[in-house]
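Residue numbers (full-length UniProt numbering): 1 to 300.
Positions of the beta carbon are idealized from the N, C-alpha and C atoms, including for glycine.
Only a predicted model underlies this, so the values are computations on that prediction, with no experimental measurement involved.
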């Protein structure tokens, strides 16, 4: 008897509308939570400014500038702290309804066996290699240059202060996005389509589109497929969160914060890209096993 992974029983027609409605409601609830989170960040900044006896226009990034960094900073510091802290609050605000929906719909998970000795070190190293290698590949084919608007987005992300960036890209965003896209969208899509592959394609397309620009969209789609693979094999959403966070931090710390991408010699770019993606493939093979994900993993 053949076994299916996520969505072992394909949804009947009567449940399609309910599932589609749930996915739409989850997305809207998360977006509303993000708006509320951003509003809370602004209110806290204003409140902290009043307590410190400073006008908001002189208060560097609200809570971040004074309470975290302890420095007055310039205009760029104000803007970067505000972007970072508001983004953290927005991700947390979106993550709360995602968690509640995920829990309500049944969050039980099944621990599946990994491949030949895969574990946390393999997971984290494969994530870092994948994220860095894929970023380098997109740069090598000239994709960022085709979309000038991406440069502004990348600059804003790189300008986030280090402390805020680690919290945002390493914890808040991975947890919030994995709850929504793998914990809810991927799992519920599996019930609609009756298998993990179609569910992975569907949720990864949405994950890519969610990022709002073509460069990050392609990166998000490909990474989303890998995250679905990790979740399906391990059966634990926390594994996808760790993979997501480790990849984000590798890019943020090494490319954005340290600027290693600008220092890389053109002649070394292609070999390094191949090395990183090869290391990621080996790590994933060790993590998920020689035959790919078992058709019994990825339970809710």
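Inset, instruction - Run the CB neighbour count on residue 74, radius 10 Å, all protein chains shown included, and call it buried at 16 or more, exposed below. - result: Numbered from 1 along the chain shown, position 74 holds the residue referred to as residue 74. At residue 74 the pLDDT is 41, less than 50, meaning the model places this residue with poor confidence; the figure from the coordinates comes in the next sentence. With fewer than 16 Cβ atoms within 10 Å of its Cβ, residue 74 is classed as exposed.
Inset, instruction - Locate the alpha helix (DSSP H) running through residue 244, then write down its first and last residues. - result: The residue you call residue 244 lines up with position 244 of the chain shown. Its alpha helix (DSSP H) spans residues 237 to 250.
Legend entry - Minimum C-alpha distance to residue 196 - residue among 207, 229, 246, 173: Residue numbering aside, residue 196 sits at position 196 when the chain shown is read from its first letter. For the residues 207, 229, 246, 173, the minimum Cα distance to residue 196 belongs to 229.
Legend entry - Which of helix, strand or coil DSSP assigns to residue 135: Taking the chain shown and counting its residues from 1, the one referred to as residue 135 is at position 135. Correct three-state label for residue 135: helix.
Legend entry - Option nearest residue 311 by Cα separation, candidates 47, 26, 129: With the chain running from 1 to 300 in the structure shown, residue 311 is simply not present.
Legend entry - Cβ pair residue 131, residue 220 closer than 7 Å: The sequence position of residue 131 within the chain shown is 131, counting from 1. The sequence position of residue 220 within the chain shown is 220, counting from 1. The answer is no: Cβ separation not under 7 Å.
Inset, instruction - Select from 211, 266, 234, 158 the residue whose C-alpha is nearest the C-alpha of residue 253. - result: Within the chain shown, the letter at position 253 stands for residue 253. Looking at the Cα atoms, 158 is the closest of the given residues.
Inset, instruction - Look up residue 105 in the DSSP assignment and say whether it is helix, strand or coil. - result: Reading the chain shown from its first residue, position 105 is the one you call residue 105. Three-state result, residue 105: coil.
Legend entry - With 16 other Cβ atoms within 10 Å as the buried cut-off, status of residue 71: Within the chain shown, numbered from 1, the residue matching residue 71 stands at position 71. At residue 71 the pLDDT is 42, less than 50, meaning the model places this residue with poor confidence and gives no usable figure here.
Inset, instruction - Would you mind stating whether residue 46 and residue 284 have Cβ atoms separated by less than 7 Å? - result: Start at 1 with the first residue of the chain shown, and residue 46 comes out as number 46. Start at 1 with the first residue of the chain shown, and residue 284 comes out as number 284. In this structure, residue 284 does not lie closer than 7 Å to residue 46 by Cβ.
Legend entry - Short Cβ contact (7 Å threshold) for residue 136 with residue 273: Taking the first residue of the chain shown as 1, we reach residue 136 at position 136. Taking the first residue of the chain shown as 1, we reach residue 273 at position 273. In contact: residue 136 and residue 273 (Cβ atoms closer than 7 Å).
Legend entry - With 16 other Cβ atoms within 10 Å as the buried cut-off, status of residue 81: To locate residue 81, count along the chain shown from 1; it is residue 81. By the 10 Å Cβ count, residue 81 comes out buried.
Legend entry - Among 41, 276, 211, 151, nearest to residue 250 - alpha-carbon criterion: Start at 1 with the first residue of the chain shown, and residue 250 comes out as number 250. Minimum Cα distance to residue 250 is reached at 276.
Legend entry - Cβ-Cβ distance between residue 204 and residue 224 below 7 Å: Here the question's residue 204 lines up with position 204 in the chain shown. Here the question's residue 224 lines up with position 224 in the chain shown. It is a contact, given that the beta carbons lie within the stated cut-off.
Inset, instruction - Can you say whether residue 97 is buried or exposed, counting buried as having 16 or more other CB atoms within 10 angstroms of its CB? - result: The sequence position of residue 97 within the chain shown is 97, counting from 1. Buried, by the Cβ-count rule.
Legend entry - Where residue 62 falls, given that 16 or more other Cβ within 10 Å makes a residue buried: Numbered from its first residue, the chain shown carries residue 62 at position 62. Model confidence at residue 62 stands at a pLDDT of 41, short of 50, so the residue's coordinates are unreliable; what they give is reported in the following sentence. Residue 62 should be labelled buried.
Legend entry - Cβ separation of residue 123 and residue 264, assumed to be a contact under 8 Å, to the nearest whole Å: Start at 1 with the first residue of the chain shown, and residue 123 comes out as number 123. Start at 1 with the first residue of the chain shown, and residue 264 comes out as number 264. Not confirmed; about 26 Å, so no contact.
Legend entry - Limits of the unbroken alpha helix (DSSP H) element including residue 143: Position 143 of the chain shown, counting from 1, holds the residue named residue 143. Taken as a continuous stretch (DSSP letters only), the alpha helix (DSSP H) holding residue 143 covers 143 to 146.
Inset, instruction - Please go through the same chain and pick out, in chain order, the residues whose beta-carbon is closer than 6 Å to the beta-carbon of residue 86, but skip the five residues on each side of it. - result: Position 86 of the chain shown, counting from 1, holds the residue named residue 86. The residues are 38, 41.
Legend entry - From 48, 268, 33, 233, residue whose alpha carbon lies closest to that of residue 177: Along the chain shown, read from residue 1 onward, the residue named residue 177 stands at position 177. The shortest Cα separation from residue 177 among 48, 268, 33, 233 belongs to 33.
Inset, instruction - Quick one: give me the first and last residue of the alpha helix (DSSP H) that residue 231 is part of. - result: Translated into the one-based positions of the chain shown, residue 231 becomes position 231. Note, residue 231: alpha helix (DSSP H), 214 to 234.
Legend entry - Three-state secondary structure assigned by DSSP to residue 160: Taking the first residue of the chain shown as position 1, residue 160 is located at position 160. Three-state result, residue 160: coil.
Inset, instruction - Consult DSSP for residue 21 and reduce its assignment to one of helix, strand or coil. - result: As a working mapping, residue 21 is identified with position 21 in the chain shown. Looking at residue 21 - three-state DSSP - the assignment turns out to be helix.
Inset, instruction - Identify whether residue 35 lies in helix, strand or coil by the three-state DSSP scheme. - result: Residue 35 sits at position 35 when you count from the first residue of the chain shown. Three-state DSSP puts residue 35 in a helix.
Inset, instruction - Could you check the C-alpha separation between residue 103 and residue 188 for me, to the nearest Å? - result: Start at 1 with the first residue of the chain shown, and residue 103 comes out as number 103. Start at 1 with the first residue of the chain shown, and residue 188 comes out as number 188. Spanning the two alpha carbons is a distance of roughly 13 Å.
Inset, instruction - Express the C-alpha separation of residue 173 and residue 92 in angstroms, rounding to a whole number. - result: Here residue 92 corresponds to residue number 92 of the chain shown, with the count starting at 1. Here residue 173 corresponds to residue number 173 of the chain shown, with the count starting at 1. Straight-line Cα distance between these residues: approximately 8 Å.
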